[in-house]
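The block underneath contains the structure these notes are about, expressed in C-alpha cells.
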Amino acid sequence: MCILRERDQNRYHITGNSEPVKKLKESIEKAAPTNASILIMGENGTGKELVAHTIHMLSKRCTKPMIEVNCAAIPEELIESELFGHEKGAFTGAGVKKKGKFDIAHEGTLFLDEVGDMSLKAQSKTLRILQEQKFERVGGSRTIHVNVRIISATNKNLMSEIEAGRFREDLFYRLNVVPIHVPPLRERAEDIPELISTFMEQSHLKGEKGKKRFTDEAINLLMHYKWPGNVRELKNLVENLIIMSEDDVIRLIDIPAPYNQSQAAKDELGSFLNIEGFRAARNLFEKAYIEAKLKKFKGNISQTAEAIGVERSNLHKKIKAYGLDALKERVNCEL
Ligand SMILES: Nc1ncnc2c1ncn2[C@@H]1O[C@H](COP(=O)(O)OP(=O)(O)OP(=O)(O)O)[C@@H](O)[C@H]1O
Ligand SMILES: [Mg+2]
Numbered sequence: 005m006c007i008l009r010e011r012d013q014n015r016y017h018i019t020g021n022s023e024p025v026k027k028l029k030e031s032i033e034k035a036a037p038t039n040a041s042i043l044i045m046g047e048n049g050t051g052k053e054l055v056a057h058t059i060h061m062l063s064k065r066c067t068k069p070m071i072e073v074n075c076a077a078i079p080e081e082l083i084e085s086e087l088f089g090h091e092k093g094a095f096t097g098a099g100v101k102k103k104g105k106f107d108i109a110h111e112g113t114l115f116l117d118e119v120g121d122m123s124l125k126a127q128s129k130t131l132r133i134l135q136e137q138k139f140e141r142v143g144g145s146r147t148i149h150v151n152v153r154i155i156s157a158t159n160k161n162l163m164s165e166i167e168a169g170r171f172r173e174d175l176f177y178r179l180n181v182v183p184i185h186v187p188p189l190r191e192r193a194e195d196i197p198e199l200i201s202t203f204m205e206q207s208h209l210k211g212e213k214g215k216k217r218f219t220d221e222a223i224n225l226l227m228h229y230k231w232p233g234n235v236r237e238l239k240n241l242v243e244n245l246i247i248m249s250e251d252d253v254i255r256l257i258d259i260p261a262p263y264n265q266s267q268a269a270k271d272e273l274g275s276f277l278n279i280e281g282f283r284a285a286r287n288l289f290e291k292a293y294i295e296a297k298l299k300k301f302k303g304n305i306s307q308t309a310e311a312i313g314v315e316r317s318n319l320h321k322k323i324k325a326y327g328l329d330a331l332k333e334r335v336n337c338e339l
C-alpha cells in the first residue's frame, strides 16, 4: 500500500459508516490492488470521483500518475486527439505533435469520467487499447504500447445506452470487470451527521469563519431530506450556511427552503408582508387559503365550506371571483 501525504488522505477520505458505505469501502479495498478495470456507477454527486481517486491511491500504481478525462466536457471531434494524441499536421490546427492522455497515464491509471458520453469512434479505439494495450496517434502510423489501468465512471444506465445503440456492448464488458455502485445519500441518511462534521472541518481549514456547530434539530431535519443532488448538494448547503450564518450555532431557522418546509411557509408569509395595501394582501391570502383547502377536500365545496366556516354560496362566489373554478374541476377530474 502507498504511503500517502496527509493532505491527500484527508481530501480523499470517504466519510461514513452506514452499511452501504461499509460495503462500498470493502469493494474498493478488494479491487484496488488488482489491475482490473473498474466501472463506478451512481447518481450525480454521490462521490464517484472520490471513489476513483481512492482506488488509485490504494493501488500499486499510486506513485504513478492518475490522469482524468471528462468525456462529457470534450467536444466529439477533439476527444480522439485528447485521448490518443496526434502527430504534427494530423488536422488543421495540429501544429505540433501532442501526447494523448493514454500516453501520459503510462504505468498509472486513466480515469474516464462520464464514460457514457464518449463518441462511438473513441469507444472502438479505447476497446482496442483494453484488448491489446496499443494504439496509434491521430494522423500517425507508429504503434504505441502502453500499460494503463482504466477506471471509468458514469451516472447513465449503460444497458439502456447499449440498447439505444450509443454504447458498445463489448466495451461495456471490458470496462465493467469490477462494477462498483456508489449509493445515493437518501439510502445512507445515518452518515449525514458525520458528513456535516467533515464539511465543517474542511471549511474551517479553508479559513471560512470560525468553528460552528449545528443543533440536533437542524441535523435531524437534514437527515429526513431526500437529497436529489446527493453528497455534493449537502456539502454546498453546509458551506453556504457557514458563510451566511452570523451566529456560531446553526439552528432550524437558519436552514432555507426546500430543506426546511416550515421556513418555506415563513418565506411565503414574508411575501404577503411585502404587499402594499391591506385589501390586496387579504385577497392574496384568501385565494391561497381557499385553494389549499379545496385541494385538501378534493374539490368538494360542501366539505370545504364546512371546514373553513364559510356559507356554501359565499364560498362559490369567492371561488369564481378568484378564478379557482378550473382548479375545482381539475381536482374533481383527478378523482
Ligand atoms: N463519502 C464522502 N465523504 C466525503 N466527501 C464526499 C463523500 N462523497 C462525496 N463527497 C464530496 O462530495 C462532492 C461530490 O463528489 P464527487 O465529485 O466525487 O461526485 P460524483 O459522483 O463524481 O458527481 P457527478 O456525478 O456530478 O460527477 C465532492 O466534493 C466530494 O469530495
Ligand atoms: Mg464526477
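Per this note's numbering, the sequence shown starts with residue 5, numbered consecutively. We put the beta carbon where it would ideally sit given N, CA and C, even for glycine.
{"Check": "Taking all protein chains shown into account, decide if Asp121 is buried (16 or more other Cβ within 10 angstroms of its Cβ) or exposed.", "Outcome": "buried"}
{"Check": "What residue range is occupied by the uninterrupted alpha helix (DSSP H) comprising Arg172?", "Outcome": "Careful: Arg172 lies outside any alpha helix (DSSP H) and carries neither H nor E."}
{"Check": "Would you say the beta carbon of Ala157 comes nearer than 8 Å to a heavy atom of ligand 2?", "Outcome": "yes"}
{"Check": "Taking 9 Å as the cut-off, decide whether the C-beta atoms of Val186 and Thr19 are in contact.", "Outcome": "no"}
{"Check": "If you draw a straight line from the C-alpha of Ala193 to the C-alpha of Asn240, how long is it?", "Outcome": "17 Å"}
{"Check": "If you drop the 5 nearest sequence neighbours on each side, which residues of the same chain put their C-beta closer than 7 Å to that of Ile110?", "Outcome": "With the sequence shown as reference, residue 110 is identified as His, and Ile is not the correct amino acid for it. Excluding sequence neighbours, His110 sits near Val150, Asn151, Val152."}
{"Check": "How big is the Cα-Cα spacing for Lys230 and Arg190?", "Outcome": "5 Å"}
{"Check": "Give a single yes or no on whether Glu118 has its beta carbon closer than 8 Å to a heavy atom of ligand 2.", "Outcome": "yes"}
{"Check": "On the three-state DSSP scale, how would you describe Thr308?", "Outcome": "helix"}
{"Check": "Pick from Gly233, Gly104, Ser249, Lys103: whose alpha carbon is nearest that of Lys215?", "Outcome": "Ser249"}
{"Check": "Given this structure, state the Cα-to-Cα distance separating Ala56 from Pro183, to the nearest angstrom.", "Outcome": "12 Å"}
{"Check": "Closer than 8 Å to a non-hydrogen atom of ligand 2 - does that hold for the CB of Lys52?", "Outcome": "yes"}
{"Check": "Would you say the beta carbon of Leu199 is closer than 8 Å to some non-hydrogen atom of ligand 1?", "Outcome": "yes"}
{"Check": "Looking at Gly112: is its Cβ nearer than 9 Å to the Cβ of Arg65?", "Outcome": "yes"}
{"Check": "Hey, Asn74 and Glu47: beta-carbon distance below 9 Å or not?", "Outcome": "no"}
{"Check": "Quick one: grab the DSSP three-state call for Gly120.", "Outcome": "helix"}
{"Check": "Residue range of the beta strand (DSSP E) that Ser156 falls in?", "Outcome": "153 to 158"}
{"Check": "Do His17 and ligand 1 come close, with the Cβ less than 8 Å from some heavy atom?", "Outcome": "yes"}
{"Check": "DSSP beta-bridge partners for Pro187?", "Outcome": "Answer by DSSP bridge pairing: none, since Pro187 is not bridged."}
{"Check": "Thinking C-alpha only, which one of Leu114, Pro79, Ile71, Gly143 is nearest Lys101?", "Outcome": "Gly143"}
{"Check": "Buried or exposed for Arg146, please, with buried defined as at least 16 other CB atoms from any protein chain shown within 10 angstroms of its CB.", "Outcome": "exposed"}
{"Check": "Any heavy atom of ligand 1 closer than 8 Å to the beta-carbon of Glu47?", "Outcome": "yes"}
{"Check": "Please classify Lys27: is it buried, with 16 or more other beta-carbons within 10 angstroms of its beta-carbon, or exposed?", "Outcome": "exposed"}
{"Check": "With distance defined between alpha-carbon atoms, name the residue in Asn159, Arg132, Gln137 nearest to Ala76.", "Outcome": "Asn159"}
{"Check": "Glu84 to Ser275, Cα distance in whole Å?", "Outcome": "53 Å"}
{"Check": "When every heavy atom of ligand 1 is checked, does at least one fall within less than 8 Å of the C-beta of Val150?", "Outcome": "no"}
{"Check": "Answer with buried or exposed for Gly211, where buried requires no fewer than 16 other C-beta atoms within 10 angstroms of its C-beta.", "Outcome": "exposed"}
{"Check": "For Leu131, name the three-state secondary structure that DSSP assigns.", "Outcome": "helix"}
{"Check": "Label Asn264 either buried or exposed according to how many other C-beta atoms from any shown protein chain fall within 10 Å of its C-beta, with 16 as the threshold for buried.", "Outcome": "buried"}
{"Check": "Assuming the contact rule is C-beta atoms closer than 8 Å, Leu87 and Phe106 should be a hit. Round their C-beta distance to whole Å, please.", "Outcome": "6 Å"}
{"Check": "Return helix, strand or coil for Thr113, following the three-state DSSP convention.", "Outcome": "strand"}
{"Check": "Starting from the N-terminal side, write out each stretch of the alpha helix (DSSP H) that is 4 residues or longer and does not extend beyond the segment 24 to 86.", "Outcome": "52 to 61"}
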